[in-house]
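The sequence shown runs 406 to 1356 under my numbering. For each residue, glycine too, the CB sits at the ideal point set by N, CA and C. To start, the structure under review is shown below, and the notes come after it.
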Amino acid sequence: MDRSSLCQSLGRLTTGEVLFDDLSCEIYSTAACLYRIRPLGIVAPRAAEEVSWIVAFLAAEGIPITARGAGTGVAGQSVNSGIILDFARFIKRVRDFDPETATVEVEPGVILAQLNQELLRLRRFFPPDPSSGDYCTIGGMIANNAGGPHSIRFGQTRDWVESLEVVLADGTRTELRPVRPEEVSPQSRLEASIYREIPALLRHNRELIERYRPRVKNSSGYLLWDLVDPEGRLNLAPLVVGSEGTLAIVTKARLRTQALPEQRATALLFFDELDQAGAAVAVIRPLKPWAIEIMDRRFIRLVREHDSALRASLPEKAQAMLLVEFAGEGEMSPAEKLRELNRVAVIEQRLAFAFREAVDPLEQEKLWAVRKAASPILYRRMGPRRLTRFIEDIVIPPERLAEGIAAIQKILSDHGTEAPILGHAGDGNLHINPELDLLDPNDRARMQDLADAIYDLAIRLGGSITGEHGDGILRAPYVKRQFGPLLEVFKEVKRIFDPAGVLNPGKILRDEERLPLSNLRLGSHPQPADYPPVRRLQEPSLQSILLDCHGCGLCRTYCPVFLASGREADLPRSKLGALRGLAQGDLSGQEHLPAGALDALLAACISCERCLCQCPTGVDTSRVMMAAKQARLFSQPLSLRDRLLGNLDQIGRGASLAPALCNRLLQSRRGRVASERILAVRRDAALPPFTRDRLQDETPAPGQISGLAPLGRVLYYAGCLERRHDPGDELGLALQVLQRVCREVVIPDLPCCGLPQLMAGDQAHALDHARTLVQAIRPWLGGGTAVVSSCPGCALMLRHHYPILLGEEGEALAQATGDVFDYVESALATRRPEGRAASGRVRVLAWHRPCHQAALSGEGKMEKVLQALPGLTWAGTFNQCCGLAGSFGLKSEHRAVSAAIGRSLAQALWETDAEAVVSACPGCRLQIAGLGFQVLSPLRLLAEQWSALPE
Ligand SMILES: Cc1cc2nc3c(=O)[nH]c(=O)nc-3n(C[C@H](O)[C@H](O)[C@H](O)COP(=O)(O)OP(=O)(O)OC[C@H]3O[C@@H](n4cnc5c(N)ncnc54)[C@H](O)[C@@H]3O)c2cc1C
Ligand code: SF4
Ligand code: SF4
């Protein structure tokens, strides 16, 4: 059957989505793994019966079928040729909770965090806790037998599955739960043979299966153990768990849940020697901890080097560290268990030399922060060698942990690389990601040698090649090394369940002897086409960004465009993957990526810059997308609309001469309709009214020192919106506040920073603006002058983009530039306002953290200052995009996405009792006001508060 007929046939079998275009296939060709395999197409079904029809149809055609959740599988199990069935898109409801059995029924596309959020209302949770739990799906967890730090107490996903509804390889939909095989009424020949042949296979190989029973945490091979209960009932659900979609497709699951503990307590223990940490694990386990996490000296050194906030809490001489958590169960309280831990591990046995404990939840979070600091610190390190996941999940028996870690460190150094070692010490599950450059053939060979050596070590010590991540493609060759003759039984299981071999072929069972090097994402590629975006993307700095994305999928939690659409194509990793495909020649320009598809891809990044601060590798997706937009302009010049929206500075200059007239025109029905028809600017968009140029009203007087330690000279950069579109007079407020903390404030008449042009891809004009601004500002720089802006977009442009655009020329300005709120905070650090509330009554406010402010200054110090002000109650911090994103939300074609992004923020705000929303970005305030909320600028709040202070 040709591709087009296949696509049409699948379209008739689903009400969901069928994607057969080259761009979608490229996007689904990768996941959080090292491999890249292009599928024939993707289907996102909406219901279990559709899954059954699709599987029956594809199986009859002999076309491989691979289920996929969030694509966070690291071993290559979620990529394949054939058809991908995407469950994360539509089949994702939490269906019902049965209070009698405390079980919950869920669809496979449900995200773990979403499930736990729903269970929280019942004071319960689903215990398996992969670190990807904020974005991975239950279907993926079941298929991988996922676990996490708390596996030592709660085991893995397999231990929490009550029953499964699955679709078998011929399309039969059936429920898997404990049954007597002879009592099953099979619906198909396949189901009949499964219930006939599997019990026989288990019986004939009982001894062999028992001999290879894993004594440690394990997700490798087929999980053949404990499938028959003492009453002789066979349960095939635990066999499907961990089978990576190779035996059946899960369409529903009934899961057990656990009551939330009333209390928890956490401790950090520091050791002079790694051996002592290993010995301590054995001492701690009898206390029944909920988690024991280990971190080695290299990890500690890196955290000390890169995180000044955490440095003080990590003793310099520590060679290893354990994080231990207890919860309130059994006879001892968590606090008593901490005392016992201290007594045994520190006082009596003198294993640890230092001990820090926390019972208060916030203090406990601080201790866990040390462990969670791993990803951003480790992945943001520069250089061609990147942390590479291929031996990232081995298990060493806990009692041999110290011996195992020492041997691993030797193997790494013998092979000329290094890797911090951390993991779940309680069950000996270690996460090791050596630094390698997979573009270098020597390092590719080194990867195989390391895999051979480390997997052999784990097996020799009685451990496992994978504790929770699964075999996939990566570890399939090592399944034989771990299970020897049991491999033949595994093959039989696969044959019985999937005689035609259509379910996710090539996973768990493969013929290679060593780690597969074919289909590597960073391997060899065809010659790239000569096409402007391709040429541009091949610039080394952009190439490096494209390679930095390791596909982890965390962007599923923060990219506003993805969160609004739920489409895989809108994920940062997908956008980067598509551009990488172009740059590497896997997608050949016009042939695979017609103009419409390229434009849609480029429009899906609104340059919110959340990737900068929230992606663990700090991948600058927006920068690559802007560069690609710029290259696109070679073949398609900027539209009149985009040129106008990029030049609001010039338009505003003219309009501010006669603002009333311009506003009448702009706000009139006719004006709105015309702008929508001619320029495709939404008629219902919240357009900012023009005002007189505020700069004409503000002539800074000499600073009035107000008892705060005065800072030096500050140059306030007034953005276009606050100068000519701000009835709230942000500029006047900024001046008022700054004059209280500075010796001198200057507000020169400076041009637009160029961000609107840059976001549209018009780099040439952005560069012009940047050069003009740098020249105009230069005379003011030096002598410690700080440049601040209350518009986070402008400040980010000066600080982050200028050095990229202008090199050294932009560096000095970037160094001097910051967020006005952070700047004021440093003055307030010496004396906080302590007055009463300006209005004399307690107000409930919500804090909105704009995207560009998050990218500029992380959590933002100012919000902490504001939140400490008297007379105010804070209903929470809302770290979400508002949907405006420069001029993105004004454009007709983005109406739906912009509204969806805004709706999500509005819903979160509606759930609070906040009377007003405080947001630092003037554009966000406009948009949030359009969503129906009262808005306030933080500067107004601060100015109000100060006016209430006794002078
Ligand atoms: C940063 C990071 C941290 C991680 N931390 C952990 C951790 O602490 N513990 C851990 O266990 N894992 C961890 N993982 C691995 C992975 O996230 C988990 O195993 C997760 O459960 C996979 O879920 P997913 O939805 O992404 O599945 P996917 O990657 O989409 O799929 C995984 C497998 O499940 C199969 N599958 C998906 N849906 C179905 C279905 N409906 N029916 C049948 N088969 C299906 C796929 O075919 C594939 O074989 C981590 C991964 C990353 C990137
Ligand atoms: S963009 Fe960042 S968060 Fe997203 S997959 Fe890549 S590395 Fe992970
Ligand atoms: S910069 Fe923002 S919109 Fe663009 S990919 Fe990253 S998170 Fe998404």
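Pick helix, strand or coil for residue i, following the three-state DSSP scheme.
i	result
residue 1252	strand
residue 939	helix
residue 1343	helix
residue 564	helix
residue 664	strand
residue 748	helix
residue 421	coil
residue 880	coil
residue 581	strand
residue 1018	helix
residue 1337	coil
residue 860	helix
residue 829	strand
residue 631	coil
residue 1099	helix
residue 626	coil
residue 955	coil
residue 409	helix
residue 1174	helix
residue 572	strand
residue 1110	For residue 1110, the predicted model reports a pLDDT of 49, less than 50, meaning its position is unreliable; a value from the coordinates is still stated below. Looking at residue 1110 - three-state DSSP - the assignment turns out to be coil, as it is neither helix nor strand.
residue 446	strand
Would you mind giving the Cβ-Cβ distance between residue i and residue j, rounded to the nearest angstrom? I have them listed as a contact below 8 Å.
i	j	result
residue 1319	residue 1273	Actually they are not in contact, since the Cβ atoms of residue 1319 and residue 1273 sit about 17 Å apart, beyond 8 Å.
residue 1041	residue 1000	7 Å
residue 1260	residue 1201	6 Å
residue 1081	residue 1262	Actually they do not touch by this definition, with Cβ atoms about 37 Å apart.
residue 616	residue 630	Actually they are not in contact, since the Cβ atoms of residue 616 and residue 630 sit about 11 Å apart, beyond 8 Å.
residue 551	residue 562	5 Å
residue 1199	residue 1124	4 Å
residue 750	residue 674	6 Å
residue 1126	residue 1092	With 8 Å as the limit, residue 1126 and residue 1092 do not qualify as a contact, their Cβ atoms being about 11 Å apart.
residue 796	residue 859	4 Å
residue 1293	residue 1314	Not a contact, Cβ separation roughly 20 Å.
residue 441	residue 484	7 Å
Identify the residues that DSSP records as bridge partners of residue i: which are they?
i	result
residue 726	675 and 700
residue 1324	1253
residue 1283	1253
residue 357	This structure cannot speak to residue 357, because the chain is shown only from 406 to 1356.
residue 841	791
residue 1296	1086
residue 1193	1121 and 1223
residue 834	800 and 829
Are the C-beta of residue i and some C-beta of chain C separated by less than 8 Å?
i	result
residue 648	In the structure shown, chain C does not exist; there is a single protein chain.
Could you tell me which of the options sits nearest to residue i, measuring between CA atoms?
i	options	result
residue 512	655, 645, 538 and 590	655
residue 1209	1054, 1067, 1344 and 1032	1032
residue 637	1124, 903, 1281 and 582	582
residue 604	591, 615 and 587	587
residue 1187	793, 556, 1149 and 1118	1118
residue 944	590, 1029 and 424	1029
residue 1248	572, 1323 and 1303	1323
residue 368	958, 1039 and 817	Nothing about residue 368 can be read from this structure; the chain reaches only from 406 to 1356.
residue 1173	681, 1156 and 623	1156
| said: Within 8 Å, do at least three Cβ pairs link the stretch 1218-1229 to the stretch 1186-1197? | reply: Yes, the stretch 1186-1197 is in contact with the stretch 1218-1229.
| Any 3 or more C-beta pairs closer than 8 Å across the stretch 465-479 and the stretch 426-439 | Short answer: they touch.
| Touching or not, the stretch 944-959 and the stretch 1016-1029, by the rule of three or more beta carbon pairs under 8 Å? | As far as the Cβ criterion goes, the stretch 944-959 touches the stretch 1016-1029, which means the pair count is three or higher.
| task | Would you be able to state if there are at least three C-beta pairs under 8 Å between the stretch 650-670 and the stretch 537-553? | result | In short, these stretches touch, since the Cβ pair count reaches three.
| For the stretch 408-423 against the stretch 909-929, are there 3 or more C-beta pairs whose distance is under 8 Å? | Output reads no: the stretch 909-929 does not touch the stretch 408-423.
| query | Between the stretch 777-786 and the stretch 847-857, are three or more C-beta pairs nearer than 8 Å? | reply | With fewer than three CB-CB distances shorter than 8 Å, the stretch 777-786 does not count as touching the stretch 847-857.
| query | Is it a yes or a no for the stretch 661-676 touching the stretch 754-768, going by three-plus beta-carbon pairs under 8 Å? | reply | By the Cβ rule, the stretch 661-676 counts as touching the stretch 754-768, because three or more pairs are nearer than 8 Å.
| query | Is there contact here, the stretch 859-868 with the stretch 590-604, by at least three beta-carbon pairs under 8 Å? | reply | Cβ pair count under 8 Å is below three, so no.
| said: Measuring CB atoms only, is the stretch 487-496 touching the stretch 552-560, in the sense that at least three cross pairs come out at less than 8 Å? | reply: Verdict: no, contact absent.
| Three or more C-beta pairs below 8 Å linking the stretch 453-463 and the stretch 962-982 | Touching, no.
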